[in-house]
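Be aware that the sequence shown starts at 4, since it is given in this note's numbering, and climbs by one per residue.
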Amino acid sequence: MRAKMCITAQCRATTSSRLFDFLLTRPEIEIIACGKASAYTLKSYDPRFHQIAEHYYHRIELVDNFDNIDDTILKFALNIPDDKVPQMQATLDAKLGHLLTAVTTGHGSIDLIIPGVHKAHGLRLLQDRWGDCR
Numbered sequence: 004m005r006a007k008m009c010i011t012a013q014c015r016a017t018t019s020s021r022l023f024d025f026l027l028t029r030p031e032i033e034i035i036a037c038g039k040a041s042a043y044t045l046k047s048y049d050p051r052f053h054q055i056a057e058h059y060y061h062r063i064e065l066v067d068n069f070d071n072i073d074d075t076i077l078k079f080a081l082n083i084p085d086d087k088v089p090q091m092q093a094t095l096d097a098k099l100g101h102l103l104t105a106v107t108t109g110h111g112s113i114d115l116i117i118p119g120v121h122k123a124h125g126l127r128l129l130q131d132r133w134g135d136c137r
């Protein structure tokens, strides 16, 4: 049986562009753009970060820049020093809150997700698709 991909939301190219314009000015942040086909991060980041990212993203490509990614981007994962996470989450919400929601994931990470598109949303879609399993 072949799996069927169900995608209900994606980041707009203009949102991604605005995000990269802001984040790439922050050297303390390492970015992973999470797409339908793969995840993408910069070759220039610390190799230790690449190893950690490969643990969580089994399909990850190292790219020179984020300009020419030909994929549907679903979310962004940010690696940030632990002590800067609360301040950065507030900054991201103020700067991008109407476009993306900053969610702390622990261990110095923030995910930027499409507002309303989170795990509970995904579970609801599966429940609607497969029926209530109670």
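Note that CB positions come from ideal geometry on N, CA and C, so glycine has one too.
From a predicted model like this one, the values you see are computed outputs, not experimental measurements.
Does the Cβ of residue i have 16 or more other Cβ atoms within 10 Å, making it buried, or fewer, making it exposed?
{"i": "G38", "result": "buried"}
{"i": "K46", "result": "exposed"}
{"i": "L22", "result": "buried"}
{"i": "N82", "result": "buried"}
{"i": "A97", "result": "exposed"}
{"i": "L27", "result": "exposed"}
{"i": "T104", "result": "buried"}
Cutting at 7 angstroms between CB atoms, please list the residues of its own chain near residue i, excluding the five before and the five after it.
{"i": "E64", "result": "S41 and Y43"}
{"i": "T108", "result": "D114"}
{"i": "D74", "result": "G38, K39, A40 and S41"}
{"i": "D70", "result": "none"}
Relative to the C-alpha of residue i, which residue among the options is closest?
{"i": "Q92", "options": "H61, R21, I32 and S20", "result": "I32"}
{"i": "V66", "options": "D114, T75, H53 and P84", "result": "H53"}
{"i": "Q90", "options": "Y48, S20 and G111", "result": "G111"}
{"i": "I116", "options": "N68, F79, D73 and F25", "result": "F79"}
{"i": "V88", "options": "N71, V106 and N68", "result": "V106"}
Between residue i and the rest of its own chain, which residues show a CB-CB distance below 6 angstroms, the 5 nearest in sequence each way excluded?
{"i": "Y60", "result": "A42"}
{"i": "I76", "result": "C14, S19, A36 and G38"}
{"i": "L102", "result": "T18"}
{"i": "L118", "result": "What sits at residue 118 in the sequence shown is Pro, not Leu. So the list reads T104, once near-sequence residues are dropped."}
Note down, in chain order, each residue of its chain lying with its Cβ closer than 8 angstroms to the Cβ of residue i, except the 5 sequence neighbours on either side.
{"i": "E57", "result": "I63"}
{"i": "F189", "result": "Lying outside 4 to 137, the shown extent of the chain, residue 189 is not represented and no answer is given."}
key: 3 or more residues per run - each beta strand (DSSP E) lying fully within the segment 17–82   = With a minimum length of 3 residues, the continuous beta strand (DSSP E) runs that stay inside the segment 17–82 are 33–38, 42–45, 63–66 and 76–82.
query = Fully enclosed by the segment 85–122, which beta strand (DSSP E) runs are 3 residues long or longer?
reply = The segment 85–122 contains these whole beta strand (DSSP E) runs: 104–107 and 112–116.
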